[in-house]
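All remarks here apply to the structure that follows.
There are 2 protein chains.
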Amino acid sequence: MGGEGHADGTVGKALDVLEMVADQGGPVRFSDLLEISRYPKATLYRLLQTLVNQGMLSQDAGSGAYRLGVRLVRLAHNAWAQSSLAPLARPHLDALAAEVGEAIHLAQIDNGHILFVDKRKSTDMFETLAQAGRVAPAYCTGVGKAILAFLPQAARDKVMPQQSFHPYTPATHTDPASLLAELGIIRAEGVAFDREEHERGIISIAAPIQLRSGRVIGAVSIATSTSRHTLEELSALKPRLLHCAAAIGAEAENWQFPEIF
Amino acid sequence: MGGEGHADGTVGKALDVLEMVADQGGPVRFSDLLEISRYPKATLYRLLQTLVNQGMLSQDAGSGAYRLGVRLVRLAHNAWAQSSLAPLARPHLDALAAEVGEAIHLAQIDNGHILFVDKRKSTDMFETLAQAGRVAPAYCTGVGKAILAFLPQAARDKVMPQQSFHPYTPATHTDPASLLAELGIIRAEGVAFDREEHERGIISIAAPIQLRSGRVIGAVSIATSTSRHTLEELSALKPRLLHCAAAIGAEAENWQFPEIF
DNA sequence: GATTTGGTTCCATTAAGTGAAACTATGTCT
DNA sequence: AGACATAGTTTCACTTAATGGAACCAAATC
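Here it is as C-alpha cells:
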C-alpha cells in the first residue's frame, strides 16, 4: 500500500481531483490538471464536469479554469458546527484569550496533519501562519506535538510516516527519533512547546484535549512571538492552559450524541 | 419535497448522501439516512463507507453515527480563499464597517440560495441569523433581492422556482408576482431593502456587486435592528454602500485570472 | 430463548466509468 | 492567408465497478 493512491472507486477519484484543484490554490486550467494527475484526458474531463455539475467546482466563464465551488463553503459551515469541537470550545477559548491576551489556537488532527478549527488573535501586530481552516504539519507545531504525544500507539504509528520532517527553521525536528524522544517528555510534562520550530520568532505552549477515556480529540495552544515573551514566561501559563483544555474535554464528554429527533 | 434528483453518476449520489448528512445538522444513524434516502440499503451503506474512507464523513466510534468530516473544513478554507470574493472584498468591508458602525454582510448566490461569505458585526448585542458560511433564502433578504434583481433574465427564471416563499414574518413576500414587482423597483433604485422580511426587527439595505459587463457576482448589505435605526436612516447610507459595492466590483474586474505558476 | 431492529456481507446482474483516438475550436507562427 | 500547434470536447467498443435483493450477523427487546 503506497504513499497515496487509496482512491476507492469513482467517488475517490472525483474527490482526488477536487483535492488537486484545492492544492493549486487558484484557478487551474484543464491541461494543468491533466499534467498533474495520472488520469487520462477523457476521464479527467468527465470527472471535472461532474464536479462542476455538482457545484463542488466552478468553472470560470471566460478562461474555462476551474476553482473550488462555493458549495464547499456551505458544507464546511455545517461540518465546522457539527463535527469539530470548535463550537463547544468557544466560550473557553474566549475566556482564556481574555485572560492571557495572547493568540489562542484550537486544532484537531486530520489525516496526519494539524487542522486549525478556531483561533483568537491577540493583536494583528504579528500574524501567525495559522488561520481557522488552515492546515499545518504535526511534527513542528505545539498543538501537533501535543496531540501526537497522547495518541494511542497504533494511531501514532500510522501518523508518523506522514510527517515530512521538512526543516522550516534550525529548531525543527528532522527525524522521527528526535521527535519521538520529545513526545515522551511531553507525555511526562502534560504540555508541548513549540520552540520556533515552524516559524522563526513564533513560540507556543500547547495542551492536549482529552476525554476521560484518555482519547485525544484536539489541542489548545497559546502562541506568542519571541519579541514579546520567552518560553519561561509561556511556561508560567501552563496551569491556566491545562485548566482550559480540561474544561473543553469535560464538556466534550457529555456531547457524544446530541440526540436528534 | 424532493425535487433535486439530477444526481449524475456515482459521484452525484455520494455527494447527495453527503448533503443529507449535512442537512441533519448532527450525527445521523444509518437507519435514519436509509429512511430519508431512496437508496437501497446496500448501496447507501457502500456510499457511506466510501465517504468515511475519504474523510468527508466521520463515524462516531461508539454509536456508529455519521457526521461531516473535518476534511471539508480544510477544503472550504481553500474554497473561501480562492473562489469567493471574500478575500478581495475584505479591506472594503473593513472600511465600510468602521465608517457606519453597523453589521455588514457579504453574500453570493449559490444554487438559488444566498450564501454569506463574510461579515462584520457591529456589536454582539444582537445577533443576526447570518454567519459566514451560512445560507439564507434569496427572496426575503436584502442581499438576495439585490442579486435577484440584477440577474440576467435566464438566470432569474431558473432561480425563482427555487424560492419557497415561506412567510417568515408578516412582511415576507409570499408569491413570485409581488417579488418580481419589487425587483423592478430595486433595479430602478440600485439598492434593495429588507423590511423585516426574514427576521422580525432586522432591516437592511443591500447593493449588488457588479462587473463592468453588468454581471452580478454578489452583494453587500448594511444590517441593523429596528430598535437602533429606521429604514430612512439606512437609506441615508445608500451612497456610501454603493461606493463600497462599486469598489469591490472594480477590484474583481482585474482579478479574473490570478496567473498561477 | 425467541423475535425484532440495526447493521454488514454476498454475488449474479447490469449499468457506469473508461480511455485511445478522432474531432473541433482557438490561438500563433511564417 | 494558410499551416500548425495547442487546448478542450466528443465518440464508442470495452472493462470495471456499482447495484440491490436477499441472506447473514449482532445486539438489543420481548
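Sequence order for the protein chains is A and B. When the letters of the first sequence are read in order and numbered with the working numbering, they come out as residues 9 to 269. When the letters of the second sequence are read in order and numbered with the working numbering, they come out as residues 9 to 269. The beta-carbon is built from N, C-alpha and C at its ideal position, and this holds for glycine as well. It should be emphasised that the depicted structure is a prediction, and the values quoted were computed from it without experimental measurement.
Proximal residues to residue i (C-beta, below 6 Å), its chain only, five neighbours per side dropped
| i | result |
| --- | --- |
| H251 (chain B) | none |
| A105 (chain A) | I112, R128 |
| G152 (chain B) | I122, A146 |
| F38 (chain A) | none |
| H181 (chain B) | Y147, L187 |
Own chain partners of residue i with C-beta closer than 7 Å, once the 5 adjacent residues on each side are dropped
| i | result |
| --- | --- |
| M28 (chain B) | L41, I44, S45 |
| D183 (chain A) | F173 |
| G77 (chain B) | G63, M64, L65, S66 |
| L239 (chain A) | F201, R203, I211 |
| F134 (chain B) | At F134 (chain B), the pLDDT of 47 sits below 50, so the modelled position is not reliable and the matter cannot be decided from this model. |
| I194 (chain B) | K153, A154, A157, A200 |
| V108 (chain B) | I230, L245, R248 |
| L219 (chain A) | I225, G257, A260, E261 |
| T149 (chain A) | I122, D202, H206 |
| R164 (chain A) | L156 |
Proximal residues of chain A, C-beta to C-beta of residue i below 7 Å
| i | result |
| --- | --- |
| H85 (chain B) | G141, R142 |
| A22 (chain B) | V19 |
| D202 (chain B) | Those within 7 Å of D202 (chain B) in chain A number zero; the least Cβ separation is about 21 Å. |
8 Å Cβ cutoff met for residue i and residue j
| i | j | result |
| --- | --- | --- |
| T51 (chain A) | T18 (chain B) | no |
| V36 (chain B) | L55 (chain B) | no |
| V228 (chain A) | F158 (chain A) | no |
| L245 (chain B) | I256 (chain B) | no |
| L114 (chain B) | L96 (chain B) | no |
| A146 (chain A) | I117 (chain A) | yes |
| A179 (chain A) | E197 (chain A) | no |
| L278 (chain B) | I213 (chain B) | Summary: the structure shown does not reach residue 278 (chain B), with chain B confined to residues 9 through 269, and so no result is reported for it. |
| T177 (chain A) | R142 (chain A) | no |
| A215 (chain A) | L93 (chain A) | no |
| A6 (chain A) | I217 (chain A) | Residue 6 (chain A) lies beyond the stretch modelled for chain A, which goes from 9 to 269, so this question has no answer here. |
| L83 (chain A) | A30 (chain B) | yes |
| L59 (chain B) | A22 (chain B) | yes |
| S91 (chain B) | R75 (chain A) | yes |
| N61 (chain B) | D16 (chain A) | yes |
| V81 (chain B) | V125 (chain A) | yes |
Element boundaries [alpha helix (DSSP H), containing residue i]
| i | result |
| --- | --- |
| L123 (chain B) | Premise fails: L123 (chain B) lies in the beta strand (DSSP E), 121-128, not in any alpha helix (DSSP H). |
| Y72 (chain B) | Reading off the sequence, residue 72 (chain B) comes out as Gly, not Tyr. Segment: none, G72 (chain B) is in no alpha helix (DSSP H) and carries neither H nor E. |
| F38 (chain A) | 38-44 |
| R203 (chain B) | Premise fails: R203 (chain B) lies in the beta strand (DSSP E), 200-203, not in any alpha helix (DSSP H). |
| L156 (chain B) | 150-158 |
| A103 (chain A) | 94-108 |
| T58 (chain A) | 49-61 |
| G226 (chain A) | First-last for G226 (chain A): 224-233, but that is the beta strand (DSSP E), not the alpha helix (DSSP H). |
Contacts of residue i in chain A (Cβ-Cβ under 9 Å)
| i | result |
| --- | --- |
| R220 (chain B) | By Cβ distance, chain A contributes nothing, its closest Cβ being about 13 Å from R220 (chain B), past 9 Å. |
Beta-carbon neighbours of residue i, restricted to chain A and to distances below 8 Å
| i | result |
| --- | --- |
| Q170 (chain B) | Going along chain A, no residue has its Cβ under 8 Å from Q170 (chain B), so there is no contact; the nearest lies around 13 Å. |
| D165 (chain B) | None at all; the shortest Cβ gap to chain A is about 19 Å. |
| D16 (chain B) | T58, N61, Q62 |
Chain-ordered neighbours of residue i on chain B, where CB pairs are closer than 7 Å
| i | result |
| --- | --- |
| A30 (chain A) | L83, N86 |
Amino acids of chain B, ordered along the chain, whose beta-carbon sits closer than 8 Å to that of residue i
| i | result |
| --- | --- |
| G33 (chain A) | N86, A89, Q90, I268 |
Beta-carbon contacts of residue i that lie in its chain and below 8 Å, excluding the five residues immediately before and after
| i | result |
| --- | --- |
| H237 (chain B) | E110, I211 |
| Q171 (chain B) | G120, P145, A146, Y147, P184, L187 |
Practice task
Identify each residue in the stretch 50-68 of chain A for which the Cβ-Cβ distance to at least one residue of chain B is less than 8 Å, and report them in chain order.
Solution key: Under the 8 Å Cβ criterion, the stretch 50-68 of chain A contributes L55, T58, L59, N61, Q62, G63, M64, S66, D68.
Exercise for the section: Select from the stretch 74-103 of chain B all residues with a C-beta closer than 7 Å to any C-beta belonging to chain A, and list them in chain order. Expected result: Taking 7 Å as the Cβ-Cβ cut-off against chain A, the residues of the stretch 74-103 of chain B that qualify are R75, L76, G77, V78, R79, L80, V81, R82, L83, A84, H85, N86, A87, W88, Q90, S91, S92.
Exercise for the section: Would you list, in chain order, the members of the stretch 246-260 of chain B that have their beta-carbon closer than 8 Å to a beta-carbon of chain A? Expected result: Against chain A - using a Cβ distance shorter than 8 Å - the stretch 246-260 of chain B contributes no residues.
Practice task
Check each residue of the stretch 113-131 of chain A: if its Cβ is closer than 7 Å to any Cβ of chain B, include it; give the result in chain order.
Solution key: Of all residues in the stretch 113-131 of chain A, Q116, D118, N119, L123, V125 have a Cβ within less than 7 Å of some Cβ in chain B.
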